[in-house]
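Number of protein chains: 2
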Amino acid sequence: MNLSKTTKYAFRILGHMAKDEKVLYSAQQLHKDIDIPERYLRRLLTDLSKSGFIKSIQGRQGGFTFARDTSKITLMEIVDSIDGKDSIDGCILGYDVCVFNYSCPMHNVWEETKQKTIDTLTKTSLKDINNHPHDVF
Amino acid sequence: MNLSKTTKYAFRILGHMAKDEKVLYSAQQLHKDIDIPERYLRRLLTDLSKSGFIKSIQGRQGGFTFARDTSKITLMEIVDSIDGKDSIDGCILGYDVCVFNYSCPMHNVWEETKQKTIDTLTKTSLKDINNHPHDVF
DNA sequence: GTTAAATACTACAAACAAGTAGCATTTATG
DNA sequence: CATAAATGCTACTTGTTTGTAGTATTTAAC
Numbered sequence: 011m012n013l014s015k016t017t018k019y020a021f022r023i024l025g026h027m028a029k030d031e032k033v034l035y036s037a038q039q040l041h042k043d044i045d046i047p048e049r050y051l052r053r054l055l056t057d058l059s060k061s062g063f064i065k066s067i068q069g070r071q072g073g074f075t076f077a078r079d080t081s082k083i084t085l086m087e088i089v090d091s092i093d094g095k096d097s098i099d100g101c102i103l104g105y106d107v108c109v110f111n112y113s114c115p116m117h118n119v120w121e122e123t124k125q126k127t128i129d130t131l132t133k134t135s136l137k138d139i140n141n142h143p144h145d146v147f
Numbered sequence: 011m012n013l014s015k016t017t018k019y020a021f022r023i024l025g026h027m028a029k030d031e032k033v034l035y036s037a038q039q040l041h042k043d044i045d046i047p048e049r050y051l052r053r054l055l056t057d058l059s060k061s062g063f064i065k066s067i068q069g070r071q072g073g074f075t076f077a078r079d080t081s082k083i084t085l086m087e088i089v090d091s092i093d094g095k096d097s098i099d100g101c102i103l104g105y106d107v108c109v110f111n112y113s114c115p116m117h118n119v120w121e122e123t124k125q126k127t128i129d130t131l132t133k134t135s136l137k138d139i140n141n142h143p144h145d146v147f
């Protein structure tokens with residue numbers, strides 16, 4: 011149950027880009043729009059590009075734009091690419107393997123909550139978050 | 011949305027102690043029962059003692075035992091004492107203050123899931139996890 | 001072709017979390 | 001009183017994550 015700062019940065023970046031999904035964004039522009047240290051942001055953009063969420067266009071007039079439709083990119087995929095799936099799905103007691111048996115008191119208590127989190131992350135796409143009702147104000 | 015390794019250790023320790031809540035546990039015994047580095051475990055026990063979950067008895071034949079009834083200690087309190095409440099309740103985009111408005115796309119999507127997590131942690135006591143049905147096998 | 005504006009790569013630095021060590025203090029036991 | 005077995009305090013070490021810097025590469029514009 012763990013979202014790193016870097017994953018949160020990725021949410022901000024991709025969530026922002028998804029507002030206008032066909033635009034080509036430069037790192038410089040994104041840095042103006044979002045409060046993330048510039049060099050770190052640039053490195054993260056390269057990583058997100060390697061992960062296949064966005065694609066980079068090099069050279070002058072270059073930048074980043076989505077590699078796939080935003081409706082096809084889920085929050086869970088983003089988490090997974092940075093922190094790994096276990097950061098969410100892992101054992102709440104921190105054990106490497108789930109030793110669920112009569113001696114694990116946490117399992118039943120936590121399982122439902124964890125599943126709710128996984129469901130939300132898995133079902134929510136970058137398109138969804140920008141289509142949400144409150145955005146129609 | 012973040013449980014540190016230390017908090018997970020605390021869950022293991024207190025969860026284990028709660029199985030027999032009147033017993034006085036020495037650090038050495040707990041180290042035998044639970045796989046946590048001994049010195050780190052000892053330091054953590056002192057911290058949990060300062061936080062008021064358990065109390066320490068010094069000197070030979072000393073150890074640790076609950077300072078309050080296990081039904082009165084919630085998982086949320088434990089998280090709060092180590093990682094702070096914001097580790098769970100904080101903004102999923104990592105902002106210091108929630109700037110919920112028409113421009114925050116994540117808010118509605120995440121709020122319900124976050125609340126479910128907070129509810130589970132707040133409603134579950136150390137007693138609850140050991141009274142759970144599966145324990146009756 | 002040269003320049004300028006963009007991304008890519010790689011190494012280093014700083015901050016934070018986790019783990020270790022030494023020694024002090026407390027108290028039951030003989 | 002001396003010893004042994006426990007916790008308490010504080011500093012240090014290690015590992016991981018976050019942030020920074022330098023330099024290389026790519027490509028549009030002139």
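Residue numbers (the working numbering), protein chains in the order written: chain A, 11 to 147; chain B, 11 to 147.
No residue lacks a Cβ here, since even glycine has one placed at the ideal position from N, Cα and C.
Check                                                                                                                                 : Outcome
Ala20 (chain B) and Ile83 (chain B): beta carbons closer than 8 Å?                                                                    : no
Should Tyr35 (chain B) and Thr80 (chain B) be called a contact, given that it needs their Cβ atoms to be closer than 8 Å?             : no
Between Gly104 (chain B) and Lys15 (chain A), is the Cβ-Cβ spacing less than 8 Å?                                                     : yes
Please classify Arg49 (chain B) as buried or exposed, where buried requires at least 16 other C-beta atoms within 10 Å of its C-beta. : exposed
If you compare alpha carbons, which of B:Lys42, B:Thr17 and B:Lys29 is closest to Cys114 (chain A)?                                   : B:Lys29
Applying a beta-carbon distance threshold of less than 9 Å, which residues of chain A neighbour Val109 (chain B)?                     : Per Cβ cutoff of 9 Å: no residues; Val109 (chain B) is ~11 Å from chain A at best.
Within the 8 Å Cβ cut-off, does Leu3 (chain B) reach chain A?                                                                         : Missing from the structure shown is residue 3 (chain B); chain B here goes from 11 to 147 and no further.
In chain A, which residues lie less than 8 Å from Phe76 (chain B) when you measure between Cβ atoms?                                  : Within chain A, no residue comes near Phe76 (chain B); the closest Cβ sits about 15 Å away, beyond 8 Å.
Does the beta carbon of Tyr35 (chain B) come closer than 8 Å to any beta carbon on chain A?                                           : no
With a threshold of 16 other CB atoms inside 10 Å of the CB of Glu87 (chain A), please say whether the residue is buried or exposed.  : buried
Going straight from the alpha carbon of Leu85 (chain B) to that of Val33 (chain A), what length do you get?                           : 45 Å
Determine the chain A residues that contact Thr123 (chain B) at a beta-carbon separation under 7 Å, and present them in chain order.  : Lys126, Thr127 and Thr130
In whole angstroms, what separates the C-alpha of His41 (chain B) from that of Ala77 (chain B)?                                       : 20 Å
Just verifying my parser: in three-state terms, what is the DSSP assignment at Tyr105 (chain A)?                                      : coil
The beta strand (DSSP E) that contains Gly73 (chain B), what's its start and end?                                                     : Gly73 to Phe76
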